[in-house]
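Structure, as structure tokens:
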Amino acid sequence: MANLETIEALFHDVRYGWRMMLRAPGMSVVAVLSLALGIGANAGIFSLLDRVILRSLPVKDPQQLVLFDNGLSYPEYREFRDRSQVFQGVAGTASLSGVRVDESEDPANTIKGRLVSGNYFGVLGVAPLLGRALSPADDVVPGGHPVVTISYGLWQGRFHGDPGVLGKTIHLGAGWLTSGWGSSGFEEDRAAPPTNGNFTVIGVMPPGFFGETAGERPDFWAPLMMEEQFLPGRHWLSRRTANWVQVIARLQPSISAKQAEAASNVLYRQMLFEAEGPGMSETRRRDLAQRKLKLLEGAKGFSNLRQQFAKPLWILMGMVCAVLLIACANLANLLFARGTARRREIGTRLALGVSRMRLVRQLLTESFLLSFLGAALSLPIAWAGSHALFAMVSAGRPELSLDLAPDSRVLLFTGMVAVLTALLFGVMPALRATRVDINAVLKEAGRGTAGGRSRLGGEKAVVIAQVALSAALLFGTGLFTRTLYNMKAQDLGYVPEKMLMAHIDPIGAGYHGDDIGIIAQRVLEKIRALPGVTAASYSDNGLFAGQESGARVRIDGFKPGSAKDSVARFDQVGPGYFATIGVLILLGRDIALSDTAHAPRVAVINQSMAKFYFGKRNPIGQTLFYDNRLKFTLTIVGVAKDVRDHEVRDEPFRRFYVSYRQPVDGQMGADYEIRTPVDYGVMAKAVRAAIYQVSPRMPIIRVELLMNSINDSMMTERLIAKLSVFFGILALVLGGVGLYGIMAYAVARRTQEIGLRMAVGANAGNVVWMVMRDTLLLVVVGLAAGIPLALGLSRYLQSLLFGLRPMDGLSLGLVILTMSFTALLASLLPARRAVRIDPLVALRNE
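Numbering (the numbering used here), first residue to last: 7 to 852.
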């Protein structure tokens, strides 16, 4: 019976709250829209956070999984799989992109996949929806089992959900690895034999399964032993110097991750020594003894997205929480004012015997109605916002994919935020509204409210909190926008505009050995002959693409102080490379066409390397010893200006350049740098056609503007800067509305006081200053609280800043000026309204 009465009372509160909302539709619409925006932003960011950072893999007992932090060669992976005693199972995987389907020549008709070990699905503990998963028997003989397990998405899309898909054939062409290329170690790749790309579908995975990497959704899984069918010509199943296999393992029940790491490192060094053989030098022995593996917690799987965007997403989450708090503060002040307007109603109900807690519950029910309506409206905002944000993050990265449809976790989070929001903006006004003097209220009989300024303490405290939060957000906005500006203004050492980049894979086309350099040069000549090309060259690592290469070097007359002093980075470049990208040669010459495989080996070093190793000596003609496993002697023929070619933030490091035709490491591909004023679309099409004229089978990995690659390298900074500006402006507007609301309310409450002041001689200037002074006082107190908060948070942001200190004076000054100007605008209308008060009317009402 008691439960029925409670439910009936709740329904009564809801009906009454709904009627009260309809009586003030303007206020209700503003409140619901404000909440929808604030809750939707929080739910949208949480949706990404959950899928990228918080959520565990959809596999059996994910807490038992560990990840190897570095890629391994296939022989190293196989030895771990067969010899390790601390794991229940060790699985290997490699990510593929650009896999063409059904022999299509359309570059857009590609899918993503995984090469996985036969025990992959067993280690993860996942069963297929249809058929069977890959098994160890499918992963024994190279090229022996052309079978695939496909994703639910590919089954629904390409096969239209056909239940008879098992046993059907799908033609899959060559692709490329999206990670884990490692080093080829200068071992010569062999020509790729013709391969049959027909694969039999043996199973379909369930819809929620995406594998071991958050942020990627493969379309198929094929055995690692089919590597040559997807990466023709590389033969990496037998190569110990190609670190292309990512490893995920499941711990034995009685083994901790630290114990497994210690045991794995013992086995790893043993494997390295065995592979090297007994004739290794002492230097080589020390080098191998220093190598270590690190095991990472694997419940959430691999994720490049997590590594790059974890901190930015948490920062954005903090921003949207602050915006929601500011919106809640506005609603709290709105409810404070509404509670004052309802004092007579509340006083009358209290006089009739209604308990205070009953009225508090009624008022909170109205707050919950507003909040839940805002939450319902927030879901499409959250869906659109999360998709827009992910589109920004994944621009130019087709391998990335996330299912961002709202699920139970997002709905639960949204509901929790709605409840918390209702409590935040509803409790204080409800308690305040029901704390009334019944006799005083009944005597007022509608004459208005009394009490003047003393009754605004709660509202002013809320506005001060708004100003503090707004100041902190604006300070962060200033830091992030100035960081992005500094990065864009950074001197790269060359002019990146009007430069096109095209990356090809000669090995995938069947070229090997010296033929790689020959075909790369033929493609260069064809590109240079295109109308509109003013200069062109190529390199192994490219600009803001590909991977970095490093090596130990030795210089006569230089004594290293530590092992790091002997390390330099390098690239393998084509003729005229420096002239093409616009890098000044300070001494000597550029890499020339005559620097071929049969000519003496030469190198161009950058100025940082020249200064570090040679000081004031002239490096031209000096000898550089490449001191890795394959030892080469190179003559220094040039010194080039320092450049930033992979990362805007990094200071230029010691670097040397060798001729692509005189490689010191195996060529992994060729990145063409093409200077042209011609429109990107026209030139990209012409470049592709030129490459195919030289080699119709040549895989073209990408053709894009260099500026796009540079902008992609600053994606984190651009993302935070753009969204911080949006949320900063939103916070400023909400804070300004809060200031305006409290001052307008204060003027309305002080009508009699202002009229009396004007009646005894106060002029318009005195009244305006009185209103503006109160506003500025609120801002000053809010800034006094907000600036220390902002400076404290800025230290957390220090790693994301560039060219700035956390206590940036310019950003701080802009915050103070902006908040002061906002206060001025917020006080103008209330001040004008105060000036227009008729003293006689005010005194007559009194």
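Yeah, the Cβ is synthetic: ideal placement off N, Cα and C, and Gly gets one too.
Asked: If we count the other Cβ atoms within 10 Å of its Cβ and call it buried at 16 or more, is residue 454 buried or exposed?; Found: Because residue 454 carries a pLDDT of 45, less than 50, the predicted location of this residue cannot be relied on, and the following value inherits that uncertainty. Looking at its Cβ environment, which holds fewer than 16 other Cβ atoms inside 10 Å, residue 454 is exposed.
Asked: Under the three-state reduction of DSSP, which class applies to residue 505: helix, strand or coil?; Found: strand
Asked: Closer than 6 Å by C-beta to residue 855: which residues in its own chain qualify, once you throw out the five before and the five after it? Chain order, please.; Found: Residue 855 lies beyond the residue range present for the chain, which begins at 7 and ends at 852; the question has no answer from this structure.
Asked: Whole angstroms is fine: what's the gap from residue 528's alpha carbon to residue 555's?; Found: 25 Å
Asked: Please classify residue 548 as buried or exposed, where buried requires at least 16 neighbouring CB atoms within 10 angstroms.; Found: buried
Asked: Could you pull out every residue in the same chain whose Cβ sits closer than 6 Å to the Cβ of residue 232, ignoring the five residues on either side in sequence?; Found: none
Asked: For residue 342 and residue 33, I'd like the C-alpha separation in whole angstroms.; Found: 13 Å
Asked: When you compare the CB positions of residue 305 and residue 71, do they come within less than 7 Å of one another, or not?; Found: yes
Asked: How is the alpha helix (DSSP H) around residue 234 delimited, first residue to last?; Found: 233-236
Asked: Return yes when the Cβ of residue 481 is within less than 7 Å of the Cβ of residue 821, no when it is not.; Found: yes
Asked: If you follow the beta strand (DSSP E) that residue 561 is part of, which residue opens it and which one closes it?; Found: 555-561
Asked: Closer than 6 Å: is that where the CB of residue 152 sits relative to any heavy atom of the ligand HEM?; Found: In the structure shown, the ligand HEM is absent, as is every other ligand, since no ligand is present at all.
Asked: Starting from residue 118, trace the beta strand (DSSP E) in both directions and tell me its first and last residue.; Found: 116-122
Asked: For the beta strand (DSSP E) containing residue 386, name the first residue and the last one.; Found: Careful: residue 386 lies outside any beta strand (DSSP E), inside the alpha helix (DSSP H) at 362-399.
Asked: With distance defined between alpha-carbon atoms, name the residue in 806, 827, 812 and 775 nearest to residue 785.; Found: 827
Asked: Three-state secondary structure (DSSP) at residue 177?; Found: strand
Asked: What would DSSP say about residue 95, mapped onto helix, strand or coil?; Found: strand
Asked: For residue 519 and residue 606, I'd like the C-alpha separation in whole angstroms.; Found: 18 Å
Asked: Which runs of the beta strand (DSSP E) spanning at least 3 residues fall entirely within the stretch 47-109, listed in chain order?; Found: 71-74 and 93-106
Asked: So, using beta-carbon positions, are residue 593 and residue 626 closer together than 7 Å?; Found: yes
Asked: Give me the Cβ distance between residue 120 and residue 227, rounded to the nearest whole Å; I'm assuming they're in contact under 8 Å.; Found: 5 Å
Asked: Would you identify the three-state DSSP class for residue 168, choosing helix, strand or coil?; Found: coil
Asked: Near residue 460, what residues of its chain come up, given a Cβ to Cβ distance below 8 Å and the 5 sequence neighbours on each side ignored?; Found: Residue confidence for residue 460 is low, a pLDDT of 41 falling below 50, so the modelled location carries little weight and cannot support an answer.
Asked: If you draw a straight line from the C-alpha of residue 692 to the C-alpha of residue 257, how long is it?; Found: 53 Å
Asked: Starting from the C-beta of residue 743, find all residues in its chain whose C-beta is less than 7 Å away, skip the five residues before and the five after it, and write them out in chain order.; Found: 336
Asked: For residue 507, count the other beta carbons within 10 Å of its own beta carbon; 16 or more makes it buried, fewer makes it exposed. Which is it?; Found: buried
Asked: Please classify residue 324: does DSSP put it in a helix, a strand, or coil?; Found: helix
Asked: Using alpha carbons as the reference points, say which of 825, 35 and 107 lies closest to residue 472.; Found: 825
Asked: Report yes or no: do the stretch 202-211 and the stretch 244-253 share at least 3 C-beta pairs separated by less than 8 Å?; Found: no
Asked: Using 10 angstroms around the beta-carbon of residue 612, count the other beta-carbons present and answer buried if the total reaches 16, otherwise exposed.; Found: buried
Asked: Run through DSSP, which three-state label would residue 154 get?; Found: strand
Asked: Does the count of Cβ pairs from the stretch 320-329 and the stretch 34-54 closer than 8 Å reach three?; Found: yes
Asked: Ignore the nearest five residues each way along the sequence and tell me which others in residue 125's own chain have a CB closer than 6 Å to its CB.; Found: 95, 97 and 142
Asked: Per DSSP, residue 575 is paired with what?; Found: 556 and 661
Asked: Quick one: what's got a C-beta closer than 6 Å to residue 619's C-beta in the same chain, skipping five residues either side?; Found: 561 and 564
Asked: How close, in whole Å, do the beta carbons of residue 505 and residue 679 come, if the pair is a contact with beta carbons under 8 Å?; Found: 6 Å
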